[in-house]
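Just so we're aligned, residue 1 is where the sequence shown starts under the numbering used here, counting upward by one.
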Amino acid sequence: MSGGREFPIERVSLEGASPLESHPLVQGHLEWLERESRIHNLTSVPKQDWLERHVLDSLAPAIAGWDVGERFLDLGSGAGFPGVPLAARFEEAAFTLLESKAKPANLLGQFMATSSLRSRGEALAERAETAAHHPSRRGQYSVVVTRAVASLPVLIELGTPFLRKGGELWCWKSDLEEVVGAGAALSALSAEISHTLRYRLPSETRDRYVISIRRMGDLDSRYPRKPGIPSKRPLIR
1 MSGGREFPIE
11 RVSLEGASPL
21 ESHPLVQGHL
31 EWLERESRIH
41 NLTSVPKQDW
51 LERHVLDSLA
61 PAIAGWDVGE
71 RFLDLGSGAG
81 FPGVPLAARF
91 EEAAFTLLES
101 KAKPANLLGQ
111 FMATSSLRSR
121 GEALAERAET
131 AAHHPSRRGQ
141 YSVVVTRAVA
151 SLPVLIELGT
161 PFLRKGGELW
171 CWKSDLEEVV
181 GAGAALSALS
191 AEISHTLRYR
201 LPSETRDRYV
211 ISIRRMGDLD
221 SRYPRKPGIP
231 SKRPLIR
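See below:
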């Protein structure tokens, strides 16, 4: 339930779907990840699973026909997922890879500087609580995507302020249990769950989800709250 109403759940099959493994940008990204992972802890996923669990998983909404629009932001980008695969799929979109930790953000910036992404993308080392209050970013994105490990209420507070009115926040989740407690965050951020994608990776038997949250109204200047507060005191009912 979302705000007392049902939201549609769309099912998409990823069997036989292309993870763009031959795309130069995807190839370059995975080669960069392999090289940097020898020195830095950028992912806990085994190398043999990167194409499916990182790239294909990132592309699930695109395979279902979802579109990032003209400008999107990857919240908590880490090693560049889902942002880089989506940038490969949507070659006209401008984008920001936002990562609070300086080391992975700087490494992403170095990768982008040597790839075709340098003309339309940026890697930013900053907390979302701060970046979302900058006039150049607040309310400026058509879509925010996030595979970050945080609760849905926290992601709603951190991600929604970046969106234009009518824009969407896409949250990758392993289940839908957190939806029940998201009502307070949705209300505070003038948002609603618009639809949800359900899918399975080819090697798995469990469902995964991408929850799409649409910004509906005006933004309250209080949100997001100061750094650390959204996770310490999440907006839950």
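Ideal Cβ positions, reconstructed from N, Cα and C, are used throughout, including at glycine.
Worksheet entry | Through-space distance from P19 to R55, alpha-carbon basis | On the sequence shown, position 55 is the one that residue 55 refers to. On the sequence shown, position 19 is the one that residue 19 refers to. Correcting the residue identity first, residue 55 is Val in this sequence and not Arg. V55 and P19: Cα-Cα distance of roughly 6 Å.
Discussion item. Residues in the same chain with beta-carbon distance under 7 Å from E36, minus the five sequence neighbours each way, listed in chain order, please.
Written reply: Residue mapping note: residue 36 aligns to position 36 of the sequence shown, counting from 1. Excluding residues within five positions, the ones whose Cβ falls inside 7 Å are L42 and L107.
Worksheet item: Can you give the Cα-Cα distance for R216 and G166, rounded to whole angstroms?
Response: In the sequence shown, counting from the first residue as 1, residue 216 sits at position 216. In the sequence shown, counting from the first residue as 1, residue 166 sits at position 166. For the record, residue 216 in the displayed sequence is Met; it is not Arg. Cα to Cα, M216 sits roughly 6 Å from G166.
Discussion item. Using 8 Å for Cβ pairs, my map puts S58 next to P85. What's the rounded Cβ distance?
Written reply: Here residue 58 refers to the residue found at position 58 of the sequence shown. Here residue 85 refers to the residue found at position 85 of the sequence shown. Sure, about 4 Å apart at Cβ, within 8 Å.
Worksheet item: Tell me the DSSP bridge mates of Y209?
Response: For the purposes of this step, residue 209 is taken as residue 209 along the sequence shown, with counting starting at 1. Bridge partners of Y209: K173 and R198.
Practice prompt. From the DSSP output, in three-state form, read off E192 for me.
Written response: Position 192 of the sequence shown holds residue 192. Strand.
Worksheet item: Which residues share a DSSP beta bridge with R11?
Response: For the purposes of this step, residue 11 is taken as residue 11 along the sequence shown, with counting starting at 1. DSSP lists R198 as partners of R11.
Worksheet item: What does T96 pair with, by DSSP beta-bridge criteria?
Response: Within the sequence shown, residue 96 is the residue found at index 96, counting from 1. Answer by DSSP bridge pairing, in chain order: L73 and E122.
Fill in: Per-residue burial, G4 [other beta carbons within 10 Å of its own, 16 or more giving buried]
Reading the sequence shown from its first residue, position 4 is the one you call residue 4. Confidence in G4 is poor, its pLDDT being 45 and thus under 50, which makes the residue's placement unreliable; the coordinate value appears in the next sentence. Result: exposed.
Worksheet item: What are the boundary residues of the alpha helix (DSSP H) that V84 is part of?
Response: As a working mapping, residue 84 is identified with position 84 in the sequence shown. Its alpha helix (DSSP H) spans residues G83 to R89.
Worksheet entry | Buried versus exposed call for V143 [16 or more other C-beta atoms within 10 Å across all chains shown] | Residue mapping note: residue 143 aligns to position 143 of the sequence shown, counting from 1. Under this definition V143 is a buried residue.
Fill in: Whole-angstrom distance between S13 and L97, CA atom to CA atom
Along the sequence shown, read from residue 1 onward, the residue named residue 97 stands at position 97. Along the sequence shown, read from residue 1 onward, the residue named residue 13 stands at position 13. Answer to the nearest angstrom: the Cα atoms are 27 Å apart.
Worksheet item: From I211 to E157, what distance separates their C-alpha atoms?
Response: Indexing the sequence shown from 1 puts residue 211 at position 211. Indexing the sequence shown from 1 puts residue 157 at position 157. Roughly 15 Å between the two C-alpha positions.
Worksheet entry | Residue range of the unbroken alpha helix (DSSP H) whose run includes S115 | The count along the sequence shown starts at 1 and reaches residue 115 at position 115. S115 -> no alpha helix (DSSP H), and no H or E assigned at all.
Worksheet item: In the DSSP assignment, what residue or residues form a beta bridge with T146?
Response: One-based indexing of the sequence shown puts residue 146 at position 146. Beta-bridge pairing links T146 to C171.
Item to complete: Just confirm the distance between the C-beta atoms of Y141 and L33, as a whole number of angstroms; I'd bet it's less than 8 Å.
Response: The count along the sequence shown starts at 1 and reaches residue 141 at position 141. The count along the sequence shown starts at 1 and reaches residue 33 at position 33. In fact, because the Cβ distance is near 25 Å, the residues do not count as touching under 8 Å.
Worksheet item: In three-state terms, what does DSSP make of R215?
Response: Position 215 of the sequence shown, counted from the first residue, corresponds to residue 215. Strand, per DSSP.
Discussion item. Whole angstroms are fine: how far does the CA of G159 sit from the CA of R127?
Written reply: In the sequence shown, residue 127 corresponds to position 127, counting from 1. In the sequence shown, residue 159 corresponds to position 159, counting from 1. Roughly 11 Å separates the two Cα atoms.
Item to complete: Drop a sphere of 10 angstroms on the beta-carbon of E99, count the other beta-carbons inside from all chains shown, and report buried for 16 or more, exposed for fewer.
Response: Within the sequence shown, residue 99 is the residue found at index 99, counting from 1. That one is buried.
Worksheet entry | Three-pair Cβ contact test at 8 Å for the stretch 144–154 versus the stretch 170–182 | yes
Item to complete: Would you please state the rounded distance, in angstroms, between the beta carbons of E129 and P224? I believe it to be under 8 Å.
Response: Taking the sequence shown and counting its residues from 1, one reaches residue 129 at position 129. Taking the sequence shown and counting its residues from 1, one reaches residue 224 at position 224. Right, the Cβ-Cβ distance comes to about 5 Å (below 8 Å), so this counts as a contact.
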